[in-house]
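Worksheet: one structure, shown below.
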Amino acid sequence: IKDDSLLVLDEAGAKALNDRLRSAQFKVLSVESKPYTRKPAPPFTTSTMQQEANRKLGFTAGRTMNAAQSLYENGHITYMRTDSTNLAQVAVDAARDLVNSEYGNDYLPETPRTYANKVKNAQEAHEAIRPAGHPFELPGALKNSLNSDEYRLFEMIWKRTIASQMVDARGHNTTITIEGDGAIFRVSGRTIDFPGFLRAYVEGSDNPNAELADRETLLPSVEQGQQ
Numbered sequence: 478i479k480d481d482s483l484l485v486l487d488e489a490g491a492k493a494l495n496d497r498l499r500s501a502q503f504k505v506l507s508v509e510s511k512p513y514t515r516k517p518a519p520p521f522t523t524s525t526m527q528q529e530a531n532r533k534l535g536f537t538a539g540r541t542m543n544a545a546q547s548l549y550e551n552g553h554i555t556y557m558r559t560d561s562t563n564l565a566q567v568a569v570d571a572a573r574d575l576v577n578s579e580y581g582n583d584y585l586p587e588t589p590r591t592y593a594n595k596v597k598n599a600q601e602a603h604e605a606i607r608p609a610g611h612p613f614e615l616p617g618a619l620k621n622s623l624n625s626d627e628y629r630l631f632e633m634i635w636k637r638t639i640a641s642q643m644v645d646a647r648g649h650n651t652t653i654t655i656e657g658d659g660a661i662f663r664v665s666g667r668t669i670d671f672p673g674f675l676r677a678y679v680e681g682s683d684n685p686n687a688e689l690a691d692r693e694t695l696l697p698s699v700e701q702g703q704q
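Residue 478 is where the sequence shown starts when you use the numbering used here, and the numbers rise one by one after that.
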């Protein structure tokens with residue numbers, strides 16, 4: 478061991494420590510709670526759509542682009558080969574209208590969100606990948622006219638576009654430190670005070686509501702000095 482503060486216990490030492498701590502009196506050394514905010518991801522570019530379709534839906538890049546091509550040719554999404562995260566004003570208006578009608582005014586930021594391109598020489602004439610038209614078609618209205626791949630991809634693009642015009646998620650990260658007989662333990666938890674955009678879209682998850690529950694790690698309510 479290169480770090481003198483570290484110790485390797487053999488079986489006898491581990492059992493002795495275990496027995497010691499089972500009878501120790503523990504108390505709360507500290508409780509720290511810090512607020513956090515999380516911003517929504519920008520609308521899809523070609524590469525981020527392919528990555529997310531792989532994570533969420535298990536699609537290969539080719540399968541994603543085949544479904545996207547069909548959606549584009551049938552007028553359901555904008556052009557799907559783009560490195561721009563920009564949205565036309567008409568798309569911003571359509572997304573904000575849907576945020577208000579589907580989720581309520583509390584989920585709508587006072588001013589529209591804009592997303593600067595991180596890609597040098599990105600073609601600003603292009604838009605991000607988004608639902609076509611104004612107002613946007615609702616995924617449910619298209620379910621009977623799309624095949625499974627097209628529907629799932631369209632729903633993902635729709636949710637990502639809507640979420641990009643929603644307010645931040647807010648919550649608290651909490652760390653509790655306890656001590657007993659010279660041994661110190663820490664546990665971290667997270668609560669979501671207001672889900673914001675997570676109500677519509679969580680990266681990597683197919684079910685935002687289930688994911689919200691998974692993202693919370695609730696800790697007991699304790700105070701410093703408490704036994």
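Just so you know, even glycine gets a beta-carbon here, dropped at the ideal spot from N, CA and C. Computed from a prediction, not measured in an experiment: that's the story for all the values here.
Beta-carbon proximity check, residue i vs residue j, cutoff 9 Å
i      : j      : result
Phe674 : Pro519 : no
Glu632 : Pro616 : yes
Thr654 : Ser510 : no
Leu575 : Ile634 : no
Phe662 : Asp583 : no
Leu695 : Gly657 : no
Asn563 : Tyr592 : yes
Leu498 : Ala660 : yes
Pro543 : Asp626 : The question names Pro, but residue 543 in the sequence shown is Asn. Going by C-beta atoms, Asn543 is nearer than 9 Å to Asp626.
His553 : Ala640 : no
Glu680 : Arg532 : yes
Ser622 : Asn594 : no
Gln502 : Val569 : no
Glu700 : Val508 : yes
His611 : Val664 : no
Three-state secondary structure (DSSP) of residue i
i      : result
Leu506 : strand
Ser665 : strand
Thr652 : strand
Leu606 : Note that residue 606 is Ile in the sequence shown, not Leu. It is a strand residue.
Thr638 : helix
Phe631 : helix
Gly657 : strand
Asp583 : helix
Ala646 : strand
Phe674 : helix
Nearest-angstrom beta carbon gap, residue j and residue i [assumed within contact, 8 Å]
i      : j      : result
Thr638 : Ala572 : 6 Å
Lys620 : Ala677 : Not quite, the Cβ-Cβ distance comes to about 18 Å (not below 8 Å), so this is no contact.
Pro589 : Val644 : Pro589 to Val644, Cβ: 12 Å. No contact.
Ala530 : Leu630 : 6 Å
Proximal residues to residue i (C-beta, below 8 Å), its chain only, five neighbours per side dropped
i      : result
Lys504 : Ile655, Glu656, Gly657, Gly702, Gln703 and Gln704
Met557 : Thr523, Met526, Met542, Ala545, Gln546, Leu548, Tyr549 and Ile606
Leu484 : Ile478
Tyr628 : Pro616, Leu619 and Lys620
Leu506 : Thr654, Ile655, Glu656, Ile661 and Gln701
Sequence-distant residues of its chain with Cβ nearer than 6 Å to residue i (five each side left out)
i      : result
Met526 : Ile606
Phe536 : Ala530
Asn650 : Lys511, Tyr513 and Arg667
Leu534 : Arg629
Contacts around residue i, its chain only, beta-carbon distance under 7 Å, and the 5 residues preceding and following it disregarded
i      : result
Gly648 : Tyr513, Arg667, Thr668, Ile669 and Asp670
Arg515 : Asp645 and Ala646
Ile491 : Here residue 491 is Ala; the residue named in the question, Ile, does not match the sequence. No residues qualify anywhere along the chain.
Heavy atom of the ligand SAH within 8 Å of residue i beta-carbon
i      : result
Arg663 : With respect to small molecules bound, the structure shown includes none, and the ligand SAH cannot be examined in it.
Start-end ranges of the beta strand (DSSP E) lying completely within the stretch 480-554, minimum 3 residues: Restricted to the stretch 480-554, the beta strand (DSSP E) segments that are unbroken, complete and at least 3 residues in length are 503-515, listed in chain order.
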